[in-house]
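A quick write-up on the structure given underneath.
Residue numbers (UniProt numbering): 1 to 376.
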């Protein structure tokens, strides 16, 4: 009986397959993101036509028809003139420092330089002595910055009433951010506490500050609080605003962090208890690191909202960047139809730089930490 043969190799040549679609390059990206479907194609074309209609006059107004040099409003009253950047150039010092004395502005510059030099290494991976640098920024830098900005130890005193512009914006934002994160962590842990007193106090605090508008908080701290203090007792207006902003922001931060704590599986808590870790040890070493990684987008979103809310301090007579820009609109030497629009564009651009920078750094941290909860 003949044994049947089984062939494993084809005796006929098969036609060649087309090369695989790499999906790379500009054409592939356009096809995937802008022209994937007929609806996407129609929307892309419509948006392109809208931009082609709107962008040229905007660009002309901002750059080509703009007035870059001048020493008064007359330079910006030319027929057909665009943005009056000469106004921004002339008032740039006030936009940054407010009414801070000219001969003392080097102190503000020094604080800005110290802030950048201290923050850049903290934001970069694989930089040595990070813990020591963090201690310097959290403990030493605030004291040195206060002495430089306010005065003392041989430096002339500059009252906070003279502070303004970007200086005030950064002071309010940085103090609010630095204070709200640890306060928010404590409030979030307190809200999940099994002790009724701590849990109730945390819930009342969080819900009270979340239910009150920031405008009301600032108004109460500036106008109403002095009425309840003993005669002759007074706190600096900027200090009261800083405390109000920090407490207000910490309530929102607490809810963001509580969401991260609730996302941690119960097994993580049980595992920490199984290896003999106490409550604070498990929170510090196991739970909080994971929870904070998960809610990085929410934390940064709260920071961005806080940075933009700094403009509300104008209500109580503190002139931040936006407030000092608006104040200079009333200068008769620069009053013109295009001055307000130019000032608002400048302020919006400065706010956008800081907010966009925080947003991009948030995405970088998500990718670097590989939390599994990053955006796709």
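Backbone N, C-alpha and C define an ideal beta-carbon position, used for all residues, glycine too. Keep in mind the model is a prediction, meaning the values are calculated, not measured.
### Task
Can you have a look at residue 302 and say buried or exposed, based on whether 16 or more other CB atoms are within 10 angstroms of its CB?
Walking along the chain shown from the start, residue 302 turns up at place 302. Buried, since its Cβ has 16 or more Cβ neighbours within 10 Å.
### Query
If we count the other Cβ atoms within 10 Å of its Cβ and call it buried at 16 or more, is residue 63 buried or exposed?
Stepping through the chain shown from its first residue, residue 63 is reached at position 63. Exposed, because fewer than 16 other Cβ atoms sit within 10 Å of the Cβ of residue 63.
### Task
Give the straight-line distance between the Cα atoms of residue 250 and residue 207, rounded to the nearest whole angstrom.
Counted from its first residue, the chain shown places residue 250 at position 250. Counted from its first residue, the chain shown places residue 207 at position 207. Their Cα atoms are separated by approximately 11 Å.
### Query
Touch check for the stretch 329–342 and the stretch 174–188: three-plus C-beta pairs under 8 Å?
no
### Task
Go to residue 194, then tell me how far its alpha helix (DSSP H) extends in each direction, as first and last residue.
Translated into the one-based positions of the chain shown, residue 194 becomes position 194. No alpha helix (DSSP H) contains residue 194, which DSSP labels as neither H nor E.
#### Entry: Complete runs of the alpha helix (DSSP H) confined to the stretch 229–309 [at least 4 residues]
237–263, 266–274, 279–282, 288–294 and 296–309
### Exposed unless 16 or more other CB atoms sit within 10 angstroms - verdict on residue 360
In the chain shown, counting from the first residue as 1, residue 360 sits at position 360. Exposed.
### Query
Does the Cβ of residue 140 have 16 or more other Cβ atoms within 10 Å, making it buried, or fewer, making it exposed?
In the chain shown, counting from the first residue as 1, residue 140 sits at position 140. So residue 140 ends up on the exposed side.
### Query
Looking only at DSSP bridge pairs, what is residue 98 linked to?
Counting from one through the chain shown, the residue named residue 98 turns up at place 98. BP columns for residue 98 point to 163.
### Message
Looking only at its chain, what residues have a beta carbon closer than 8 Å to the beta carbon of residue 138, apart from the 5 residues adjacent to it on each side?
### Response
For the purposes of this step, residue 138 is taken as the residue at position 138 of the chain shown. Answer for residue 138: 178, listed in chain order.
### Query
Start and end of the alpha helix (DSSP H) containing residue 328?
Counting from 1 along the chain shown, the entry for residue 328 is found at position 328. Here residue 328 belongs to no alpha helix (DSSP H), and DSSP marks it neither H nor E.
### Query
So, helix, strand or coil for residue 390, using DSSP?
Only positions 1 to 376 of the chain appear in this structure, which leaves residue 390 out of reach.
### Query
Quick one: what does DSSP say residue 109 is sitting in, helix, strand or coil?
Stepping through the chain shown from its first residue, residue 109 is reached at position 109. Residue 109 falls in the helix class under three-state DSSP.
### Query
According to the neighbour-count rule (16 or more other Cβ atoms, all chains shown, within 10 Å of its Cβ), is residue 376 buried or exposed?
Here residue 376 refers to the residue found at position 376 of the chain shown. Its pLDDT being 44, under 50, residue 376 is placed unreliably in this model, and the value from its coordinates should be taken loosely. Its Cβ having fewer than 16 others within 10 Å, residue 376 is exposed.
### Task
Could you please give the first and the last residue of the uninterrupted alpha helix (DSSP H) stretch that includes residue 222?
Indexing the chain shown from 1 puts residue 222 at position 222. Where residue 222 is concerned, there is no enclosing alpha helix (DSSP H), given that its DSSP letter is neither H nor E.
### Message
Nearest by alpha-carbon distance to residue 463: which of 334, 321, 338 and 330 is it?
### Response
Since the first and last residues shown for the chain are 1 and 376, residue 463 lies out of range.
### Query
By how many angstroms is the C-alpha of residue 77 removed from the C-alpha of residue 205?
One-based indexing of the chain shown puts residue 205 at position 205. One-based indexing of the chain shown puts residue 77 at position 77. Cα-Cα distance, rounded: 54 Å.
### Task
Along the alpha helix (DSSP H) that carries residue 29, what are the first and last residues, could you check?
Start at 1 with the first residue of the chain shown, and residue 29 comes out as number 29. Note, residue 29: alpha helix (DSSP H), 25–33.
### Query
Got a sec? Which residues, its chain only, sit under 6 Å from residue 49 by beta carbon, not counting five neighbours each side?
To locate residue 49, count along the chain shown from 1; it is residue 49. Here the set comprises nothing.
### 6 Å CB neighbourhood of residue 184 in its chain, flanking five on each side removed
For the purposes of this step, residue 184 is identified with residue 184 of the chain shown, where counting begins at 1. Excluding residues within five positions, the ones whose Cβ falls inside 6 Å are 250, 253, 254 and 257.
### Message
In whole angstroms, give me the CA-to-CA distance for residue 374 and residue 337.
### Response
The count along the chain shown starts at 1 and reaches residue 374 at position 374. The count along the chain shown starts at 1 and reaches residue 337 at position 337. Summary for residue 374: the model assigns pLDDT 45, below 50, so the residue's position carries little reliability; its value from the coordinates is reported in the next sentence. Residue 374 and residue 337: Cα-Cα distance of roughly 46 Å.
### Task
Please confirm if the stretch 160–179 is in contact with the stretch 90–98, defined as three or more CB-CB distances below 8 Å between the two stretches.
yes
### Query
If residue 144 and residue 153 are in contact, beta carbons under 8 Å, what's the gap, nearest whole angstrom?
Here residue 144 corresponds to residue number 144 of the chain shown, with the count starting at 1. Here residue 153 corresponds to residue number 153 of the chain shown, with the count starting at 1. About 10 Å; that fails the 8 Å criterion.
#### Entry: Simplified DSSP state of residue 375, which is helix, strand or coil
Your numbering for residue 375 matches position 375 in the chain shown. Confidence is the limiting factor: at residue 375 the pLDDT is only 45, short of 50, which leaves the residue's position unreliable, though a coordinate-based value still follows. Three-state DSSP puts residue 375 in coil, outside helix and strand.
#### Entry: Beta-carbon proximity check, residue 244 vs residue 217, cutoff 9 Å
Along the chain shown, one-based indexing puts residue 244 at 244. Along the chain shown, one-based indexing puts residue 217 at 217. A contact, by the Cβ cut-off of 9 Å.
### Task
Kindly indicate which three-state DSSP category residue 123 falls into: helix, strand or coil?
Counting from 1 along the chain shown, the entry for residue 123 is found at position 123. Three-state result, residue 123: helix.
### Query
Do you know how far the Cα of residue 25 is from the Cα of residue 210?
Stepping through the chain shown from its first residue, residue 210 is reached at position 210. Stepping through the chain shown from its first residue, residue 25 is reached at position 25. Approximately 48 Å, taken between the alpha carbons.
### Query
CB residue 306 to CB residue 176, shorter than 9 Å?
Indexing the chain shown from 1 puts residue 306 at position 306. Indexing the chain shown from 1 puts residue 176 at position 176. Against a cut-off of 9 Å, the Cβ pair of residue 176 and residue 306 comes out as a contact.
### Query
Who pairs with residue 84 in a beta bridge, going by DSSP?
Stepping through the chain shown from its first residue, residue 84 is reached at position 84. Answer is 67.
### Query
Does at least one heavy atom of the ligand ZN sit under 8 Å from the Cβ of residue 141?
The ligand ZN is not part of the structure shown, which contains no ligands of any sort.
### Query
So residue 73 and residue 335 are in contact, right, with Cβ under 8 Å, and what is the actual spacing, rounded?
Within the chain shown, the letter at position 73 stands for residue 73. Within the chain shown, the letter at position 335 stands for residue 335. Confirmed, about 6 Å.
### Query
How is the alpha helix (DSSP H) around residue 342 delimited, first residue to last?
On the chain shown, residue 342 is found 342 positions in, with the first residue counted as 1. Segment 339–369, the alpha helix (DSSP H) holding residue 342.
### Distance CB(residue 292)-CB(residue 285) smaller than 9 Å
Here residue 292 corresponds to residue number 292 of the chain shown, with the count starting at 1. Here residue 285 corresponds to residue number 285 of the chain shown, with the count starting at 1. No; because the gap between Cβ atoms is not below 9 Å, this pair is not in contact.
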